[in-house]
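The structure appears right after this line, and notes come after that.
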Amino acid sequence: MPPVVVVRSRFTAKDTAMEAIPYNAAKIRNRETLMEGADMRVRVLTLDAGQCIPWHYHSEITDSFVCLEGPMVVETRAPRAEYVLGAGKRCEVPPKVAHYVHGLDEGPFKFLIVQGVGVYDNIAVGVGRKGRG
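The numbering used here applies: residue 1 is where the sequence shown begins, and numbers increase by one.
Okay, here's the thing in structure tokens:
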């Protein structure tokens with residue numbers, strides 16, 4: 001079943017200031033690895049209010065998100081979109097598409113992520129104000 005997706009367009013010309021935030025600097029309440037192999041992994045991430053996964057992309061892998069508690073938001077560039085996911089809803093971000101993950105209205109959230117198939121990398125990209133690209 002395709003995800004229920006709410007796409008909101010709220011990007012403005014003010015969002016052009018660029019600054020790279022390293023992914024490993026992200027404060028995340030909990031990361032639990034459920035499975036990991038040479039070319040895939042499955043994790044559950046729990047984030048408190050105000051925490052986020054900064055803008056980044058992967059060279060080879062697809063990120064498949066399943067919201068466990070939320071709501072949560074997955075924003076992408078090229079194409080620019082914003083996917084609002086409630087519990088049980090999902091979306092995918094293909095390789096080479098920059099994305100940013102946060103709680104709706106900066107609230108807490110928890111999600112399962114399947115990452116693969118391919119070699120894992122995490123490349124930080126420039127961001128606009130308050131982490132929004």
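Using N, Cα and C, we set each Cβ at its ideal position, and we do this for glycine too.
The C-alpha of Lys-27 is placed about 23 Å away from the C-alpha of Glu-92.
A distance of 8 Å or more separates the beta carbons of Ile-123 and Ser-64. Ranked by Cα distance from Lys-110, the first of Glu-75, Val-44 and Glu-36 is Val-44.
Here Ile-28 is not bridged, per DSSP, to any residue.
With contacts defined by Cβ atoms closer than 8 Å, Val-97 and Tyr-83 do not form a contacting pair.
A direct Cα-to-Cα measurement between Pro-94 and Leu-104 gives close to 22 Å.
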